[in-house]
Each structure stands twice: as C-alpha cells, then as structure tokens.
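Written below as structure tokens is the structure these notes are about.
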C-alpha cells in the first residue's frame, strides 16, 4: 500500500484526533471590565472554552515573549505569557500576530493592545500597538507528560515534556516539518488485537498518547529540514522512527485540526533504533518479498499515468537504491511487487542488478504482462542456486483491485528439492470497494474483497497449479492486511503458518502508517515448508526512515537533495521480508552476507507506454 500524497496522510491524522480535544466547557466567571489603563489576564482572554469570550473585541494584555516566530515563512508573530490568573482551566499564553516590524525577542516584556480573533480555531490578538516594557525576563516552561487529556487549557503556553518519547511518524516531515511522538512505539490495532472493539479501543489509546511537533514555519518543503535536536538534518545527523527524544520544549499552538508544539529549542535525541545490518544468512535458500514502490521505466514526464520516477535522474536514483537493497539481501528468489506491468520493467531491473553483481547473477521468470493493472508481481532469482521448474501460473481475481497471484515452482540445485513460491499484492485500503466500505472495525476499506481473494488463493494452491508436485509452499507479498485481519486469518485457517509472528513475535512490522507499525508484508508457509524454515523477518531499511532520504526530487530544496545516498535506506516505503530455508542436509549454515559496496546504476532504457490501470 503506497500513498504518496502527503495531504491524504494529513487528513487521516486529523481524523484520528481524540474526541476530547478542545471540548472544555465555558467557565462561569465574570469577564473583567476592559480599560486601556488596566490590562486583563491572558487567561481571561483565552477563557475556558475553545473560543475566546473576547472574540471580536479589543483588549490590553501584558506578558513575556516565550516564542519568536516573526521570520520569513514563519508563523508571523510571537507567543507571550503572563504570570497566570490562578485558574487551571485557562491558558496563560497567547499568540500575538505581528510580522517582523516589531523589535521583539524571547524574554521581552510587552504590553499589547489589539483585537481578539479565532484564526483557524487558535485564539490570537492582532495588535494595534505593542509597547516594550523591558527585557531579559524568563518564563519557566510548564512541565507535562503524555497522555494529556485537555490541550486547550495550555494553548499558547510554553511547555516542556521531560519524559522520553518515541518518534512515531515522519511522513509529513519533508513537506511540512512535522513529527509525531508518543509514549512508546504504537502498533496498528489489527496487527496485535482483533478487529472490532479491541481495535477501536487501542486506536483511541494510541491517539491519546500522541504529540505533534511542528517546525514554526508555514512554508511547504522548508529548508533546511530541522532534526529534533534543533540542528539541520544531515547524512550523519538523522533520526528514525523508534528513536527516543526527551525534553521537547516549545509553545503550544493550534492549526490544521490539531494542537501542535512549536519548538523553541532542540530536544535531547537518542538514536535508540539504529539502522540494522543485513539479516544474518541462515540455511541454504533465501526467499525475499519486496514491495519496490512503483518501479516504472515509463516516466511520469512522458506519461501522466505512470506512478514512479518523473525524470531520468529520479529514475537512476530510485534504481540505485533498489539495486543496493536487493544485492545486499543476496536472496536466491525475490518476489517483487509494484513493478510496472509493461513486460519490460523487470528486465530493466535485472540488467541493473547484473551490472552491480556481475553478468548472469540474476534472471527474471518470464511472464510478460500479467492482468490489466498498471503494476504486477515478478520473480527475480539467482540461476546458480535455483531454477524455475515448469511455467509460472497466475490466479486472476477479476476486476476487484486484487492483482493476480503469481506462482512459480523452484528447484534448489544443491539439494534438488522443490519449493512453490506464491507472490501476491491484494487490494489496498485506500479507497472503498463497491459494496465493501470501511465498517469501522479497524480493517479498513475492501476487507471482504481481500478476504475472498485469500480464500480463492488457498483453494487454488491446493490443486498444485504448476503440476510439479512440490510439497512446500510459501505465500509472500503485500496482502494489505495486518495479521489479525480476516484475509490473513483465512490463509492461516487454510493450513499456513505465520512465519513473521513465529520468528519476530507479535510486534513484527514492515510498514508504518499514521505513526502505527505493523506488517502488511507477509510470509506464510504450509506445514511442509514451515519444517524447513529457520528464520523469517523484515529488514528495517524503509518503514522507519524519513522519506526525505528517498529518490524523489519533486519538492526538495538543494540542502535536502544532498541527503540522498545510493544505499538501501528508504529504497521503498515497505521493508523487505526475508525467509530462510534449510533444504537437504547442509553441513553448516551459509556465512553472513558482506556489507555491499556503493551501487553503480545501470544505463536503463526507458520504455514508453502503459497498460490501463485499475482501482
């Protein structure tokens, strides 16, 4: 499931906000008499509700500047805070909408006269006059810990979160400078609990334990991108989801449907989730599942229906990362998803792999175009270790959005033993299917559509479609379903065991969406195959990485373009899943794969023309 438009992610995040945010009842205190000579407490202006009782009126307030965001492409003002009105239901801080014409900085004590308004649901004052009363004052931040049950009473205040928080999501980091934090890593509800009320309750708990941290800027694709520690992002100063941050400090604003902290200083960052090495090579047959995020040799600049790179330079960057990841994995069989369904894209990728690894190292199973979708699944393999037996077979699910299943029997040359590998890519959750909408139980759109495909797949595989009599069958691919959802349960009930859960546990993951981790990319084995599998797990090179490191050049400024490296990290949005089998009786496990050298992208021929796409 690949969702590139950042606005969709923003809308999804807004939809997940806790219902309790901003619902405080209006207090019954008397509004102070307003005079120019007697400033009123900021708490009185804020009020205890979501709307100021002074909205539309002119007020005079005094306070100390706690956050200065007057610069170009910043918020267009400052936050000030007073000593408080001793009412815990009201905020002592407020945003003053002034643009860099005032000589104000953090620590200045000011008197402000201006009109109160609710700008995009944030209380602010637009001053007719600002008088600087002094300087050098300091406001101690209010210390809070997540979860926070009422953000409104802190709107505009200087806050510090001393607890160690986990980076959950960076999807909007490159476009909007946003990061999402939580008390701990959060899990996709239906990845660890059943659909229905358990999933609904876990989602509510996830949302209650979140904090959005912005960057104090209003421009899209800001540069330089700022690391949580307050320094510019760099190749040697980066973060990953799962890293820890303490002492987040800033002022609390409200915009785009959520409360968000605007940092005033860098936080304490701990790289607690470092980039992992390649999974240790075990057994004597390695099978990998890899969603390569729209590997299209047709450029979008040539055909607007294409889904991948826009330009030849972008394509070379994309290809270099995918090749780096695949050669590092050193799998004997790759089941790939999101390859352009034009009959030639997989050959192009094989040529690039062989340019890096040596001529003849890899080959592709010949399928031609499969189905009518713009993308399809493909097999790439190492002829020195395995050979396809018989022809590849496909199972069509009709016009359901489920891409046809692709099945190939492989013979392991050293042992002579056979393995069926079925690579799949089921319908995404992005848009509702006809008569199959999101029911609200946590499984998303098109659950019945995916479940029926899973049922048909199990039934089809029982009939030995390749006719080779292979006892072992492994189902891999992007099923667009977490492991507690109906499609995966259907396959498990059909006689297949979940290998990722077996070897990596309940909290295995290969994908992060809306700041919640889980695995959509599966490795399921029948009884005969399970007996030969010695390990199965995701290689976390993509899901935890900020997409500012990807190949896409569309919006990135020069400083952000320099963050690119032709390495495996953020080669896709899905982590590859590696399944290790031991066939025959090898004397000892294979040695670990060496660290790959930097890739040399091939000179690829760009092929025009696309098949018709399906939803």
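In the working numbering, the protein residues as written are 92 to 706. Every residue gets a Cβ at the ideal spot worked out from N, C-alpha and C, and that includes glycine.
Proximity of residue i and residue j at Cβ, strictly below 7 Å
i	j	result
residue 184	residue 227	no
residue 667	residue 488	no
residue 540	residue 485	no
residue 415	residue 657	yes
residue 603	residue 332	yes
residue 439	residue 388	yes
residue 428	residue 516	yes
residue 378	residue 169	no
residue 207	residue 216	yes
residue 259	residue 273	yes
residue 319	residue 262	no
residue 542	residue 569	no
residue 564	residue 633	no
residue 481	residue 459	no
residue 471	residue 453	yes
residue 255	residue 303	no
residue 200	residue 136	no
residue 249	residue 232	yes
residue 358	residue 334	no
residue 257	residue 275	yes
residue 385	residue 366	no
Rounded C-alpha distance that separates residue i from residue j
i	j	result
residue 151	residue 158	19 Å
residue 194	residue 173	19 Å
residue 641	residue 409	8 Å
residue 210	residue 166	12 Å
residue 313	residue 267	7 Å
residue 279	residue 330	21 Å
residue 468	residue 643	23 Å
residue 649	residue 639	12 Å
residue 627	residue 187	55 Å
residue 653	residue 635	20 Å
residue 346	residue 306	12 Å
residue 494	residue 520	14 Å
residue 451	residue 614	27 Å
residue 431	residue 466	5 Å
residue 352	residue 341	6 Å
residue 549	residue 526	24 Å
residue 676	residue 373	13 Å
residue 655	residue 297	32 Å
residue 446	residue 584	43 Å
residue 555	residue 616	15 Å
residue 682	residue 600	Low per-residue confidence applies at residue 682: pLDDT is 39, beneath 50, and the placement is therefore not dependable, though the value from the model is reported in the following sentence. Cα-Cα distance, rounded: 26 Å.
residue 146	residue 394	51 Å
residue 443	residue 396	24 Å
residue 463	residue 328	44 Å
residue 402	residue 390	6 Å
residue 111	residue 356	The predicted position of residue 111 is uncertain, since its pLDDT is 29 and thus under 50; a value taken from the coordinates is nonetheless stated next. Residue 111 and residue 356: Cα-Cα distance of roughly 29 Å.
residue 625	residue 594	9 Å
Cβ-based neighbour list, residue i, same chain, cut-off 8 Å, excluding 5 preceding and 5 following
i	result
residue 253	234, 236, 337 and 338
residue 179	244
Own chain partners of residue i with C-beta closer than 7 Å, once the 5 adjacent residues on each side are dropped
i	result
residue 674	375, 376, 503, 506, 508 and 623
residue 574	282, 589, 592 and 610
residue 132	173 and 176
residue 741	Residue numbering for the chain in the displayed model covers 92 to 706; residue 741 lies beyond these limits and cannot be assessed.
residue 551	486
residue 130	151, 152, 153 and 202
residue 571	92, 517, 518, 519, 520, 541 and 611
Nearest-angstrom beta carbon gap, residue j and residue i [assumed within contact, 8 Å]
i	j	result
residue 291	residue 533	7 Å
residue 630	residue 370	6 Å
residue 213	residue 246	7 Å
residue 251	residue 271	So it is not a contact: roughly 18 Å between Cβ atoms.
residue 461	residue 497	7 Å
residue 411	residue 651	The pair is not a contact, with the Cβ atoms about 17 Å apart (cut-off 8 Å).
residue 618	residue 586	7 Å
residue 581	residue 545	4 Å
Residues near residue i in its chain [Cβ-Cβ closer than 6 Å; skip 5 each side]
i	result
residue 46	Residue 46 falls outside the range modelled here, since the chain spans only 92 to 706, and no answer is possible.
residue 223	199 and 201
residue 138	144
residue 567	380, 426, 514 and 614
residue 474	454
residue 324	316 and 318
residue 524	537 and 540
Near the ligand HEM: residue i beta-carbon under 6 Å from a heavy atom
i	result
residue 156	Ligands are entirely absent from the displayed structure, and the ligand HEM is therefore not among its contents.
Runs of alpha helix (DSSP H) lying entirely within the stretch 355-437, each at least 4 residues, in chain order: 403-420
Segments assigned alpha helix (DSSP H), at least 4 residues, entirely inside the stretch 215-289: 264-267 and 280-283
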